[in-house]
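Trainee:
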Amino acid sequence: MSLHDRDERLEAAILAAVRERLAADPPALGGTADAIPPAITAAGLGAERAAALLLDTVIPGAFQIDHPRYLAFIPSAQAPAAALADTLLAVNSIYGGSWLEGSGLVAAENQALRWLADLAGLPAAAGGTFVQGGTNGNLSALHAARAAARARGERATRVAVSADAHSSIEQMLRVMDAEPVGLDAVDADGVFAVVATAGTTNLGRVDDLAAVAALCREHGLWMHVDGAYGLAALCAPSARHRFDGIEHADSFIVDPHKWLFSPFDCCALVYRDAALGRAAHRQHASYLEALYADDAAFNPSDYGVHLTRRARGLPFWFALAVHGTDAFAEAVETTLAVTRAGADEIRAREELELVLEPELSVLAFRRRGWVAADYDRWADALRASGTAFVMPTTVAGETIARLALVNPRTTLDDLRAVLDTMR
Ligand SMILES: *Cc1c(COP(=O)(O)O)cnc(C)c1O
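Residues in the sequence shown are numbered consecutively from -8, following our numbering.
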């Protein structure tokens, strides 16, 4: 059988596995594969053996991040509708970089971006694209910020960054050869942007965006809001007030693959003035000029550090189209409510102590009497037994327990089951 021949048995096996995964409630937490047998040979293993390897060893050798007791890092919780749209996207060879090739995809993705821009209160000129992740989103936004400053003749060499910014900010500033400074140095020579975080990855705290906006206006600086995790809660009425001031942002990011129920890998990048994103990112070449024959054509490639791209915002758009925005608000509210109930549960247990009141959906707490090694042993044992995936963290040098919630299927009973293992 040659490379492009159909194999109906293989199709049936893979589609059956897709069905089985969709029906798994919850999926097995997953596990670790130390190694997989060598599979790349001149003649090929054949569909049957390769599929067995894929389905029985490779996929199970990874954790299912949407498991309700996956509570480490920032989890993910794709809605079935979004996963189905992604499956369909995979078998369609459709290109999400240009209007000429994928106007339907682009128009749909832009509706989803518009929903986010409206939640933030940005004007009609706002727009952007979906990039691979928050790291790329932050880089793309900060490059646009610097390009805008340099177009005005500024030196633009430094970015003011609030405390507890995500690691990607410092790393992307390194890529840009720009220097991070604290918010207290906002008037230093060469500062062209301020990065605020809404909310922080470790503890879910949201910077005072109105204060950052005032600072940016006073000093004529670009305001970028890194909301990769937390800005999802813009749609949740009980948390919306925490983001007051976001309406002044020149750019923001939010990852639908975190708390907006979309598959990996998907970051929404929105500029207040989409034209500034395009001015910074559009690539020029003879073989691309045809994409610009129509002046009004909106080419997603022009708005980030990418050219070829899958329409990775389409699954997000589809889940929004199927369920409506109220369902998103409700799902985020569910997680916020379970987090608050989890905080009460922690307070009620005398061996535990809450480190801070959750602003969003991160529970940070200590187990009295435990040292760092105890937290590590606890996390390792839960993972090894397939009970839960948790990770300790550190705050001001102290190791503590941390549970991050984004999955509306995570219940208070799930949290209790995890807390019971700390007795
Ligand atoms: C996760 C996260 C990022 C990085 O996003 P990726 O999609 O992992 O690249 C950036 N900022 C914050 C606040 C995050 O939580």
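The beta carbon of each residue, even a glycine, is placed where N, CA and C say it ideally should be.
1. Would you check if the segment 136 to 153 and the segment 286 to 296 touch, i.e. whether three or more CB-CB distances between them fall below 8 angstroms?
2. Helix, strand or coil: how does DSSP classify C226 here?
3. Over the uninterrupted alpha helix (DSSP H) stretch that includes C207, give me the two end residues.
4. Decide yes or no for the touch test of the segment 235 to 245 against the segment 210 to 224: beta carbon pairs closer than 8 angstroms, at least 3 of them.
5. Label T126 either buried or exposed according to how many other C-beta atoms from any shown protein chain fall within 10 Å of its C-beta, with 16 as the threshold for buried.
6. What I want to know is whether the C-beta of T126 ends up closer than 6 angstroms to one or more non-hydrogen atoms of ligand 1.
7. For ligand 1, is there a heavy atom less than 6 angstroms away from the beta-carbon of D246?
8. Short of 7 angstroms in beta carbon distance, which residues of its chain neighbour W369, apart from the five on each side in sequence? Order them along the chain.
9. Straight-line CA distance for T120 to Y262?
10. What separation, rounded to the nearest whole angstrom, lies between the Cα atoms of A373 and A408?
11. Cutting at 8 angstroms between CB atoms, please list the residues of its own chain near E342, excluding the five before and the five after it.
12. Mind checking who M214 pairs with in its DSSP beta bridge?
13. For ligand 2, any of its heavy atoms closer than 6 angstroms to the Cβ of H134?
14. Under 7 angstroms between the Cβ atoms of A156 and V186?
15. For S229, count neighbouring C-beta atoms within 10 Å of its own C-beta (all shown protein chains included) and say buried if the count is 16 or more, exposed if not.
16. At a threshold of 6 angstroms, does H157 count as lining ligand 1 (C-beta to nearest heavy atom)?
17. If you pair each beta-carbon of the segment 20 to 38 with each one of the segment 46 to 61, do three or more pairs fall below 8 angstroms?
18. Could you check whether L351 and G221 sit closer than 7 angstroms to each other, using their CB atoms as the reference points?
19. Which residues does DSSP pair with E344 in a beta bridge?
20. Identify, in the order they occur along the chain, each residue of the same chain with its Cβ nearer than 6 angstroms to the Cβ of T333, setting aside the five sequence neighbours on each side.
21. Using a Cβ-Cβ cutoff of less than 7 angstroms, which residues in the same chain neighbour I244 once the five nearest sequence positions on both sides are dropped?
Mentor: By the coordinates alone:
1. no
2. helix
3. L200 to H210
4. yes
5. buried
6. yes
7. For ligand 1, at least one heavy atom lies less than 6 angstroms from the Cβ of D246.
8. T412 and M413
9. Computed Cα separation, rounded: 9 angstroms.
10. Looking at the sequence itself, residue 373 is Leu, so the reference to Ala does not match. Rounded to the nearest whole angstrom, the CA to CA distance from L373 to A408 is 11 angstroms.
11. R358, R359, G360, M413 and R414
12. V185
13. Among the ligands in the structure shown, ligand 2 does not appear; only ligand 1 can be found there.
14. yes
15. exposed
16. The beta carbon of H157 sits closer than 6 angstroms to at least one heavy atom of ligand 1.
17. In the pairwise beta carbon analysis, the segment 20 to 38 is classified as touching the segment 46 to 61: at least three pairs are separated by under 8 angstroms.
18. yes
19. R357
20. Checking the displayed sequence, the identity of residue 333 turns out to be Gly instead of Thr. So the qualifying residues of the chain are L354 and L406.
21. G125, G128, N129, A132, D217, G218, A219, C258, A259 and L260
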